[in-house]
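Notes for the one structure printed next.
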Amino acid sequence: MREVEPLRLAELTTLRTGGAPDRMFDATTTEGLVEALRETWERGDPWLVLGGGSNLFVGDEPFDGTVIRVRTTGIEELPSPHAGRIRLRVQAGHGWDDLVAYAVEHGYAGLEAMSGIPGTVGASPVQNIGAYGQEIQETLVEVELIDESTGEISTVPAAELGLGFRTSVLKHHHGSEPQRRAVILSVTVDLLVAGERVVRGEQLRRALGLTDDTPVPLTWVRERILATRGSKGMLLDEHDPDTHGVGSFFQNAIVTAAQARTLPPECPRWPVAPDLDAVTVIPLASYDGYVPPTRAEAPDVKVSAAWLIEQAGIRKGFKLPRSRASVSTKHALALTNRGGATAAEVAELARFIQSRVHAEFGLVLQPEPVLLGVDL
Numbered sequence: 001m002r003e004v005e006p007l008r009l010a011e012l013t014t015l016r017t018g019g020a021p022d023r024m025f026d027a028t029t030t031e032g033l034v035e036a037l038r039e040t041w042e043r044g045d046p047w048l049v050l051g052g053g054s055n056l057f058v059g060d061e062p063f064d065g066t067v068i069r070v071r072t073t074g075i076e077e078l079p080s081p082h083a084g085r086i087r088l089r090v091q092a093g094h095g096w097d098d099l100v101a102y103a104v105e106h107g108y109a110g111l112e113a114m115s116g117i118p119g120t121v122g123a124s125p126v127q128n129i130g131a132y133g134q135e136i137q138e139t140l141v142e143v144e145l146i147d148e149s150t151g152e153i154s155t156v157p158a159a160e161l162g163l164g165f166r167t168s169v170l171k172h173h174h175g176s177e178p179q180r181r182a183v184i185l186s187v188t189v190d191l192l193v194a195g196e197r198v199v200r201g202e203q204l205r206r207a208l209g210l211t212d213d214t215p216v217p218l219t220w221v222r223e224r225i226l227a228t229r230g231s232k233g234m235l236l237d238e239h240d241p242d243t244h245g246v247g248s249f250f251q252n253a254i255v256t257a258a259q260a261r262t263l264p265p266e267c268p269r270w271p272v273a274p275d276l277d278a279v280t281v282i283p284l285a286s287y288d289g290y291v292p293p294t295r296a297e298a299p300d301v302k303v304s305a306a307w308l309i310e311q312a313g314i315r316k317g318f319k320l321p322r323s324r325a326s327v328s329t330k331h332a333l334a335l336t337n338r339g340g341a342t343a344a345e346v347a348e349l350a351r352f353i354q355s356r357v358h359a360e361f362g363l364v365l366q367p368e369p370v371l372l373g374v375d376l
């Protein structure tokens, strides 16, 4: 590890807000990262691990603590126990899209729909990142992490991470602490060895304009996804203010089937797959030979937050008077810093959008980025 002169977090986050911390370390090796974390935890400092800074909304005040920048890189190919598949163990500081590009180039399928997502590999399970119906949990095998409470390193299977829609036990949600305070050191994914694939997911098929089951090359899927994200201002570009944000600022809302029926029929929606492997446990002492039938419950529904925002009267490019924060001119779900906006200005815009959507549809949109020193 190397202690460096602290930089303002506005210089290190894509939303471009945040003051400087008390201390800052750069960790380019796993050993250096572990050393920096253990030293920080022993001092009892408030701490923040920073990757690409693309999913972080930081308040205006200086951070009274230590920031550790994760800059470890590297991809290791490992055998998979499943025929026709391969495993990749990737260091936490490796660029996410660099990993996707590597997988596509080598004909490894399972990540291509998540092309262009900014940030680092280590952050991907924390957020359970996803795009166009594909999520990291579909290919994630395990993570290597270090726990704050013990300082010990362990390998944790994906099943123990509590992965859900844009969440995990490691995520610091607004208003609550993570269930497990730990830092990911490496990530292992299991991918299909195939230069082309049949696209199944409804969202991805719609995004790609596919109407049949003809296999398509992974390179073609990646190119189309990158073009789509670029048209929405979702690819980082120093010269494009529409990309100076955190991507989607609000999560698509997950509602019950009954709630979904109260929304206008034109509101885009996708069923959330039910748990087909649910287990019914009957105590042996009370078992009388009768197994109750499984109740068929309608699955929850994911609805488009961007559609809700626009139908609540918030158009692309909208901003409050005298504010330097704005909704992207390309995508209603992205809040952007048009140059010099404070965290307070971004938060004011976010709260206004939440209030409008709630007034129109009775839903409270939840922020997707991690919030540090800022409130909504």
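Residue numbers (the UniProt record's numbering): 1 to 376. Glycine included, each C-beta is placed from N, C-alpha and C at the ideal position. Note that the coordinates shown come from a computational prediction; the quantities given were computed from them, not determined experimentally.
With at least 16 other beta carbons inside 10 angstroms of its own, G93 counts as buried. Leaving aside the five residues that flank N252 on each side, the residues in its chain whose CB is nearer than 7 Å to its CB run, in chain order, K302, V303, S304 and A305. Where A103 is concerned, there is no enclosing beta strand (DSSP E), although the alpha helix (DSSP H) around it starts and stops at W96 to E105. The continuous alpha helix (DSSP H) containing G230 extends over residues L218 to S231. C-alpha of F25 to C-alpha of G51: approximately 12 Å in a straight line. Shown here, S248 sits in coil according to DSSP, grouped into three states, outside any helix or strand.
A straight line joining the alpha-carbon of V70 with that of A334 spans about 26 Å.
Boundaries for L376: no alpha helix (DSSP H) harbours it, and the DSSP string shows neither H nor E there. It is roughly 16 Å from the alpha-carbon of G245 to the alpha-carbon of I353.
Rounded to whole angstroms, H106 and G195 show a C-alpha spacing of 8 Å. Its Cα nearest to that of A131, the residue R166 stands out among A123, R166 and T150. The count of Cβ pairs closer than 8 Å, one atom from the segment 131–142 and one from the segment 153–161, reaches three, so the stretches are in contact. Per the C-alpha coordinates, the member of P62, I68, L99 and P271 positioned closest to E76 is L99. The beta-bridge partner set that DSSP reports for N337 consists of A325.
Here the alpha carbon of P264 sits roughly 20 Å from the alpha carbon of E202.
Per DSSP, the unbroken alpha helix (DSSP H) holding S355 starts and ends at A343 to F361. Under the three-state reduction of DSSP, I86 is assigned to strand. D375 is classed as exposed because its beta carbon has fewer than 16 other beta carbons within 10 Å across all chains shown.
In this structure, G133 lies away from A103, with their beta-carbon atoms at least 8 Å apart. Listed as beta-bridge partners of T66 by DSSP are R23 and W47. Here G233 is near D242, since their CB atoms are less than 8 Å apart. In the three-state reduction of the DSSP assignment, Q179 falls in the coil class. Per DSSP, the continuous alpha helix (DSSP H) segment holding S124 begins and ends at S124 to Q127. The Cβ atoms of V255 and P299 do not sit closer than 8 Å to each other.
Taking all protein chains shown into account, R224 has 16 or more neighbouring C-beta atoms within 10 Å of its C-beta and is therefore buried. Below 8 Å, too few C-beta pairs join the segment 58–67 and the segment 115–126 to call them touching: fewer than three. V364 and E42 have their alpha carbons spaced roughly 39 Å apart. When the five nearest sequence neighbours on each side are left out, the beta carbons in the same chain lying within less than 6 Å of the beta carbon of L235 are those of G116 and R229, in order along the chain.
For T17, the closest of R322, A285 and R338 by C-alpha to C-alpha distance is R338.
Ranked by how close their Cα comes to the Cα of P321, the residues L33, L15, E348 and E360 have E348 in first place. Nearest to T73 by alpha-carbon distance, out of A83, V121 and G44, is V121. Just so you know, the alpha carbons of G110 and C267 end up roughly 28 Å apart.
By the neighbour-count criterion, in which a residue is buried when 16 or more other Cβ atoms sit within 10 angstroms of its Cβ, G59 is buried.
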